[in-house]
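All remarks here apply to the structure that follows.
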Amino acid sequence: MRRFVADKAKSLFHLSRSFQRRPEPLNPLQSLLLTRFLSSTSIVDCPSPSPSSSTMDPPTPLTLHTINPKVLKCEYAVRGEVVTIAQRLQQELKDNPGSHPFDEILYCNIGNPQSLGQQPITFFREVLALCDHPSLLDKSETSGLFSADSIDRAWTILDQIPGRATGAYSHSQGIKGLRDAIAAGIEARDGFPSDPNDIFLTDGASPGVHMMMQLLIRSESDGILCPIPQYPLYSASIALHGGTLVPYYLDEATGWGLEISDLKKQLAAAKSKGLSVRALVVINPGNPTGQVLSEENQRQIVEFCKKEGLVLLADEVYQENVYVPDKQFHSFKKVVRSMGYGDEDIALVSFQSVSKGYYGECGKRGGYMEVTGFSADIKEQIYKVASVNLCSNISGQILASLVMNPPKVGDESYESYRGERDGILSSLARRAKTLEDALNSLEGVTCNKAEGAMYLFPRIRLPEKAIKAAEAANTAPDAFYCKRLLNATGVVVVPGSGFGQVPGTWHFRCTILPQEDKIPAVVSRLTEFHRGFMDEFRD
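Heads up: the sequence shown begins at 1 in UniProt numbering, then just goes up one per residue.
Laid out in structure tokens, this is it:
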């Protein structure tokens, strides 16, 4: 209101000044206009304008009070405050070598394998290169640079792309021939049919998650059951789309087990608050917790969703990352079909990405979601939403088809492909075990076995003095620990509070992705820091 009155006063001032400067008297129409303006403007309690008021700043178009409040609620710890500090320190080391007690930043905060030195799979990149530059296929002098099967695969893919142009838009659901290949890969994996019309190709798994939240969430009264700890994509997406996260807590004491009893309790509590719970999110293998669900546990989850009428959102982007011999990945699609259930029994959305696994092609932004158990009219709505973005990028679509249909026995590339794949996965397993053992050797730290995915989520029991110091610094205790670790050692991990945790417990997430020759440095720096930290804040 004050802004409105001030603006009116300012206008009045300029109008009256313009009339005062006129050498001739006002004509009747001008007098009438000025009289009406004065009678419509209250200047009570309005300060008299001065000539300097003409230089008043224009109103600010956006402030934190005027942007969408859903954006303010959205948080994404994986690229949060600790990483911002790390990037500043990295620049300082570059500009002034020796300015910190470490010579490099060791990023253990995000599942971004190739940024830390992992090499891409040769076969995948050969096919991509040939598809992006088809003239190479017609030059005999380049034939020795590419394997015969990569050339054959590139021709097959290009024949499916309109105009053989990877720079052209595709069908909004994804290129049909590539969806056919992905469906064949799913069928080979699970032993049950897959319909290419159920597959939507996406720029990584994240857009698929956002698409489903758009579909499911109508208001804050709609809830989504999410694991705690959870990958913050889910809490961020639920916040952005205006829904309510309904937490269910994984049991750390049983290796981050998913207890159906807790699901039932949290669902009942949400309903008692008037929430309509629409879906259940399951991340398997787990992020940030690294557990691999047993098939029996998966069957219990399917029964729970069927009974309660929930959509099952299955995040399966780490399906290739299983490191212990007594665990095996089973897709929820396979579990549902093996239980005898069809599309009419349960709605299931399965997410896959080319960013993880042994391929680690994060920057290519490829992935898909398989949508089963939805009626035709609902699928039309999903397609409509996909169409708004025109299509996912073509390189990502091609990679998704290659990931689900890699070289087979007898192909020229098979032996080199298998060697690269197995080398990466076995190295990840060794790194996971080394870090797991190191963390469990630290005072007050316990860490569950890394069964899969790319992360460890150790619990740290902080001294009371450290917790009070964190409170004095106006930060969460685990964030206080992580920032102190970064500034002292250059090791970047993410506070557990960014993923959610049982109240009163503190954790951090550490990736297993630094190259194997960097792992000893991570271990030694972390061990030395932790010893000093505990001594400093010992009760």
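All C-beta atoms, glycine included, are put in the ideal place defined by N, C-alpha and C.
Since the model is a prediction, treat every value here as computed from it, not as a measurement.
Going by beta carbons, LEU250 and PRO229 fall inside the 8 Å limit. Per DSSP, the unbroken alpha helix (DSSP H) holding SER237 starts and ends at 233-240. Assignment of GLU370 by DSSP, reduced to helix, strand and coil, places it in the strand class.
When THR60, SER355 and VAL403 are compared, the shortest CA-CA separation from SER115 is found for SER355. CA-CA distance, GLY396 to CYS226, rounds to 28 Å. Only exposed fits ARG531, as fewer than 16 other CB atoms lie within 10 angstroms of its CB.
Annotation for VAL491: LEU106, CYS108, LEU485, VAL522, ARG525 and LEU526 place their beta carbon closer than 7 Å to its own, counting only its chain and skipping 5 residues before and after.
Here ILE512 really is in contact with LEU456; their C-beta atoms are around 7 Å apart, less than 8 Å. A check of alpha carbon separations from LEU216 across HIS241, PHE192 and ILE346 identifies HIS241 as the nearest.
Residue range 276-283 is occupied by the beta strand (DSSP E) that includes ILE283. A distance below 6 Å between beta-carbons, with the five flanking residues on each side excluded, links GLY204 to the following residues of its chain, in chain order: SER353, SER355, ARG365 and GLY367. Inter-segment contact for the segment 317-326 and the segment 179-186 is absent: fewer than three beta-carbon pairs are separated by less than 8 Å. Distance check between GLN515 and each of GLN118, GLU361 and LYS384 places GLN118 closest, using alpha-carbon atoms only.
Contact annotation: SER206 and CYS391 have beta-carbon atoms that are not nearer than 8 Å. Assignment of ILE121 by DSSP, reduced to helix, strand and coil, places it in the coil class. Rounded to whole angstroms, VAL335 and VAL403 show a C-alpha spacing of 21 Å. C-alpha of GLY286 to C-alpha of PRO232: approximately 13 Å in a straight line.
When secondary structure is reduced to three states using DSSP, SER350 falls in the strand class.
Under the DSSP assignment, THR84 falls in the alpha helix (DSSP H) whose first and last residues are 81-95.
At least 8 Å separates the beta-carbon of LEU136 from that of ILE398. Only buried fits ASP315, as 16 or more other CB atoms lie within 10 angstroms of its CB.
Here THR475 carries a coil assignment [DSSP, helix/strand/coil]. Per DSSP, the continuous alpha helix (DSSP H) segment holding ASP149 begins and ends at 148-158. Here THR475 has no same chain residue with a Cβ atom under 6 Å from its own Cβ, once five neighbours each way along the sequence are excluded.
In the DSSP assignment, PRO247 falls within the unbroken beta strand (DSSP E) covering 244-249. The way I'd put it, the segment 256-273 doesn't touch the segment 86-105; fewer than three beta-carbon pairs between them come closer than 8 Å. The residue from VAL494, GLN501, PHE537 and VAL502 with its alpha-carbon nearest to that of GLU81 is VAL494. DSSP, reduced to helix, strand and coil, places CYS391 outside both helices and strands of the structure shown, so it counts as coil.
Under the DSSP assignment, ILE199 falls in the beta strand (DSSP E) whose first and last residues are 199-202. Taken in chain order, the unbroken stretches of alpha helix (DSSP H) that lie wholly in the segment 460-518 and span 4 residues or more are 464-472 and 477-489. Around the beta carbon of HIS65, fewer than 16 other beta carbons lie within 10 angstroms, which makes this residue exposed.
Residue burial is scored here from C-beta neighbours: GLN298 has at least 16 other C-beta atoms within 10 angstroms and is therefore classed as buried.
Taking a C-beta distance under 8 Å as the contact criterion, PHE332 and LEU312 qualify as a contact pair. Between CYS305 and LEU280, the gap from beta carbon to beta carbon is short of 8 Å. Between the alpha carbons of MET211 and LEU158 lies a distance of about 28 Å.
Look at ALA314 here: in three-state DSSP terms it is strand.
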